[in-house]
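Protein chains in written order, with UniProt numbering: chain A, 1 to 244; chain B, 1 to 244; chain C, 1 to 244; chain D, 1 to 244; chain E, 1 to 244; chain F, 1 to 244.
There are 6 protein chains.
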Amino acid sequence: MRILVANANTTEAITALCAAAARAAAGPGTEILPATPRFGPVVISSRAENIVAGHALLELLAIHAGKVDGVLLAVSHDTALEAARQLMPCPVVGMTEAACLTACLAGGRFGLVTFGGTETYRERIAQHGLSGRLAGLAGLEATPQDAVRDPERVARLLHGAIGRLAAEGSDSVVLGGAALAGMAPRLQPDAPVPLLDGIACGVRLLEMLVALGLPKPALGSFAAPQGREVGGIDPALAALFRGS
Amino acid sequence: MRILVANANTTEAITALCAAAARAAAGPGTEILPATPRFGPVVISSRAENIVAGHALLELLAIHAGKVDGVLLAVSHDTALEAARQLMPCPVVGMTEAACLTACLAGGRFGLVTFGGTETYRERIAQHGLSGRLAGLAGLEATPQDAVRDPERVARLLHGAIGRLAAEGSDSVVLGGAALAGMAPRLQPDAPVPLLDGIACGVRLLEMLVALGLPKPALGSFAAPQGREVGGIDPALAALFRGS
Amino acid sequence: MRILVANANTTEAITALCAAAARAAAGPGTEILPATPRFGPVVISSRAENIVAGHALLELLAIHAGKVDGVLLAVSHDTALEAARQLMPCPVVGMTEAACLTACLAGGRFGLVTFGGTETYRERIAQHGLSGRLAGLAGLEATPQDAVRDPERVARLLHGAIGRLAAEGSDSVVLGGAALAGMAPRLQPDAPVPLLDGIACGVRLLEMLVALGLPKPALGSFAAPQGREVGGIDPALAALFRGS
Amino acid sequence: MRILVANANTTEAITALCAAAARAAAGPGTEILPATPRFGPVVISSRAENIVAGHALLELLAIHAGKVDGVLLAVSHDTALEAARQLMPCPVVGMTEAACLTACLAGGRFGLVTFGGTETYRERIAQHGLSGRLAGLAGLEATPQDAVRDPERVARLLHGAIGRLAAEGSDSVVLGGAALAGMAPRLQPDAPVPLLDGIACGVRLLEMLVALGLPKPALGSFAAPQGREVGGIDPALAALFRGS
Amino acid sequence: MRILVANANTTEAITALCAAAARAAAGPGTEILPATPRFGPVVISSRAENIVAGHALLELLAIHAGKVDGVLLAVSHDTALEAARQLMPCPVVGMTEAACLTACLAGGRFGLVTFGGTETYRERIAQHGLSGRLAGLAGLEATPQDAVRDPERVARLLHGAIGRLAAEGSDSVVLGGAALAGMAPRLQPDAPVPLLDGIACGVRLLEMLVALGLPKPALGSFAAPQGREVGGIDPALAALFRGS
Amino acid sequence: MRILVANANTTEAITALCAAAARAAAGPGTEILPATPRFGPVVISSRAENIVAGHALLELLAIHAGKVDGVLLAVSHDTALEAARQLMPCPVVGMTEAACLTACLAGGRFGLVTFGGTETYRERIAQHGLSGRLAGLAGLEATPQDAVRDPERVARLLHGAIGRLAAEGSDSVVLGGAALAGMAPRLQPDAPVPLLDGIACGVRLLEMLVALGLPKPALGSFAAPQGREVGGIDPALAALFRGS
């Protein structure tokens, strides 16, 4: 099975980090194909960047449409997830979506910790219909870059936030942010509740969805586009819209 | 005051229709500037088209940043609204958002009628936090093109839907879809409840916001981007991301 | 256009304060008519006072019915708003409603700061269907009278509360309480997020509603009363109930 | 124990009907004192009438303050309930509130049937925080007066509505409207689910509250008013506001 | 009237405590029958214990079916409440349910204080559909046993928690936990808001329900079981399932 | 990997049906162990049966604790799911929970079709926090036994219900009821949206959870019981409660 791990920013190092985490989590027989968009934000840290990244991501996916068995959006905002799900002929999963749904399976309510502001995560989880399972959000006073530059400080901040979230009712904690991909194994031993890595959860959920082999809906807003004209965009993406 | 009426699809006729409706609604001294994106869907009728249109719309807005006093998104999906609001130095209003908030001011709960599927409207209204004010949704078995080709049939369908929505608890009805811009005056006389045209509401709300002169927030997810690197995009948009 | 600025308590100084704020916010051609009820609470600070004030306010409005183009309820509890909306032949807007809906147009979630207890504001915002947009409430340890007696202390308290609300996720802050009318310009320069004055927002929203010219609904609970007998009340109000 | 059964409209026949239903439901040792307001609507059938009735009802209650052990609001809109609860030195219960809470004790979700429009009942139940227990609302095409003039037709309409509500998930049905007081025994034998009469439920809940002897809160928005000046109103009501 | 006070754990001392509180609260003519399950947890302090206790409780109730007029579940988790309500031919009330609904009648929002963790109470209140009336939860750092061993310390903790809940918006406070049964009179004098004892509230609500004499529903998920085969259980319980 | 497929009723045929569906869905290397409780309902079709089944199920699980890698609750009510999750040292998944979460990954909102009444499913989905993703419920006028006796009629009913749910906004449909296990492949070809079989989804989600290897929480209401005394129950279950 071939799973596309699609970053939504243009930083190859993040793509590589996510791909490594995906490979570490994947089952035997699962091949991980990393991919980085042609254009868009270096890092997505705001609403507006996320919109441009959405287009870049759909273009990236379109290039791989029909050549992969599943797509993992390696971006913690689950950028353009619903659109990708409609557009692609294979299952698509967002990394934060994956972690949150896995947290539900672990039981109770979950927390989420991420770099910087948390409002857009609160909104995204509400859009996933999971507000009732969310116990708390914690924003680290650090950037994704700090995780590379000073991993010890970031780890300390993470442990503090995880502990507080657990004490305030989180039965598990989602590590939000592609820059944290692969950190769960290191952090878990000292954490009082399970930690959820969106990349690991996402790869495993995709393996499950591919195995289930659900058809695409023929009705509703997730049915594949057919005969839609979209101009001035990449030919592969335009072809998907036409349904040809 | 200069208000940009920004279509999010590439159909000039829709832009013109919305601009005409905007001019008809605008107060004295308000200048309407219509604009159409350089690329993207001919008509937005699905989740995926809406994502591409989001990028096209931000590019279009960036070109006009600093040259207009307010922006009306002339697209019933309120495409990229929050991003545009973050990005632009002036107020931005979405046409469906405008109609829904005006419906709140008219009192009670509102319904929405549109062409085709209604799920994405249900979601959008939920994202606006207004689900509690939504009494019902009605999807016409017709396309925006039908409104041009067979306006009488569409008017009959609209009247039926409006009547049913009112009977089931809608105190007002939002006409959803840019293709319905300007139709309210024709439909209103036979409707039992007020009809809300997003273009008319949006222009008037923008006049109001421009008059209030609220500053942009310095904190939070609507603060203007600063120093953000976004590659492979239109220079005007890239400049807005850099904050220069 | 003539806008009635109707206080719901009997303190003329508050009426005058609100009228001044309304005039400062109004567009050219808008005439502000201040009005104070004949009976009722000197200041509304509890549930029971608000009920008596509701009757007093409807009486006050009835006296002006047909003589004004719009009504702004200059009372932060949006006292009797839905009833006034049903009863009057012109648009009616509540000052807190106005500020909250304008906050929605500014983007994200809003906070509200007021004198004393906040529970009734929490309830009122829930009745407006806007709980999902409310990020936080702050009650100042001060009375409306303190705002007159010691404005510097109240300003300090306000700044502290606004800063905390913004830090905890409010993208804008509503100044709740008629006694704060007109204070936004003084407080805004030091505030990290936009401040919303219900009087200013309300006047502008009324100008917009008057311009739109929406009809009254013929169906539902906001349709004008017709043939209703209400005894022992002011003749003007009784006449409105009879629909004559 | 003396329970005031306070109508909120001025129709003595309704007061008498409710008083009879209250006496039929009351325990031994409970004395029912019927009371009708001095002014206000003959029948409350709209938002605006409900506001005037709120004042009239508070005045009526104030006259009896200290002379009764509990107050039942014999009005299906639970008019001014929270204000009365704050103001009075004894427990106060609304008839629809009473029926809905009793329905909760019967298990599952409840429906409500009433004369005419249902939107204001939907809102009232939401204000009681009970929307999640509400399975459906049914509005009869009849008026309270019809219940007197043509009780057989109204009984047929009621049975039809009760049956539909039960089939659609209501585990019990609230009879909404003071004009239905005392009808439950006649309707119950043919109904598939329990029927709840707000007067009967309310009297019994008041007996329970009086027996419990809960103190009034010293904090918050239900604490008794103290030192509040309210002018131009009945001396008994003004005295309650002053707390003297 | 005979009311079964059914403990769900096997600790006779708790049964006795609850029975004493029930007798203290009961009206004249109400007989309290205490009962303790044959098997199950000594104390219920987790999700899994609650499930076993549910079965033990239904068995206990079945033995008394037809011999009592009402059942009070003397267990703060409202264990198996809905099932007992379906199964028994008489009214059944849970002690926390009873306290929460009585809190609603006292007005505004309530808090709940209990021993240890609060998450399962948050969930139970949500299942009762009362989340919107819940202002806060407080978990004491103490066990039910501490209430016996060191009542003064527990009283101090309780007072602190009650004060904080009231300051943060609770208009009343539910004492959650059977081990607190009967403590309200001692704690109330120093509390700023009414305290609700589930046993006292439950007994009085049962008296009210018995007086109302609501029939069991013939439709829906609370209709009595009929012809259901359940093997390997107590004969009395099996007989109830068969409906014989 | 060994997965226990635990029925919660005592009908071996249902256990066998679910085990077959589980084997058909399982990945290579996954061993399916079917198990049936020692006591309890023949079929669970009411609230009270579900409580007894909860105890029977925990006993069944306890016997297998430590001998299996994951547990699938093969009962559509997700009976005792949270308790089992707390109690067992391995992941536990409920079949309806599994189908609903997988439906979320398929996108949009889901419907659920089952035999008979739907209220308890509505409640269960609310407890899972997924009400916002639920588009509709359909109850077939048929029993699980009919699915065996007259599969063609049941298939016709199912197709009708699935079609209606899809037309009313369900992007996928959960087949609720263990008696429908394994039917999805037969029904899918004629269905307009994906059909979700809880057994298939559950097995695959368990494989994923086992692969992830999340630790049990050390804090909160899902932490394993320790030192809990539960009397009169199966020794294996008692031992789990003691944590020994």
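The beta-carbon is built from N, C-alpha and C at its ideal position, and this holds for glycine as well. Predicted model only: the values in this text are computed from it and were never measured.
What three-state label does DSSP hand residue i in the structure shown?
i              : result
serine 131/B   : helix
asparagine 9/E : coil
leucine 58/A   : helix
leucine 17/F   : helix
arginine 38/F  : coil
valine 43/F    : coil
glycine 160/D  : helix
glycine 232/B  : coil
glutamate 31/F : strand
valine 174/A   : strand
valine 93/D    : strand
valine 71/F    : strand
alanine 26/A   : coil
alanine 179/D  : helix
alanine 138/E  : strand
Taking residue i as part of the beta strand (DSSP E), name the residues at either end of that continuous run.
i                   : result
phenylalanine 110/B : 110 to 115
aspartate 197/B     : 195 to 197
Does the Cβ of residue i have 16 or more other Cβ atoms within 10 Å, making it buried, or fewer, making it exposed?
i               : result
valine 75/B     : buried
glutamate 49/B  : buried
aspartate 190/E : exposed
serine 221/E    : buried
glutamate 207/B : buried
valine 148/F    : exposed
serine 244/D    : exposed
aspartate 150/A : exposed
glycine 202/D   : buried
arginine 47/A   : buried
glycine 227/E   : exposed
glutamine 145/A : exposed
alanine 218/B   : exposed
arginine 156/E  : exposed
Over what stretch of residues does the alpha helix (DSSP H) that includes residue i continue unbroken?
i             : result
leucine 187/F : 184 to 187
leucine 214/E : Careful: leucine 214/E lies outside any alpha helix (DSSP H) and carries neither H nor E.
residue 299/C : With chain C running from 1 to 244 in the structure shown, residue 299/C is simply not present.
alanine 84/E  : 81 to 87
Please determine whether the Cβ atom of residue i lies at a distance below 8 Å from any heavy atom of the ligand FMN.
i           : result
valine 43/A : The model on display carries no ligand, and the ligand FMN is accordingly not part of it.
Proximal residues, the segment 40 to 62 of chain A versus chain I, C-beta separation under 7 Å = Here the protein chains are A, B, C, D, E and F, and chain I is not one of them.
Between the segment 100 to 116 of chain E and chain C, which residues of the former have CB atoms less than 7 Å from a CB of the latter, in chain order?
-> Gly108
Residues, ordered as in the chain, of the segment 206 to 224 of chain A that lie near chain B by beta-carbon distance below 8 Å = Gly220, Ser221, Phe222
Near-chain D residues of the segment 156 to 179 of chain B - C-beta to any C-beta below 9 Å | Gly169, Asp171
Taking a cut of 9 Å between CB atoms, which residues from the segment 20 to 37 of chain B lie near chain F?
-> So the list is empty, because no residue satisfies the distance condition.
At a Cβ cut of 7 Å, what residues of the segment 117 to 135 of chain D count as close to chain B, listed as they run along the chain?
-> Glu119
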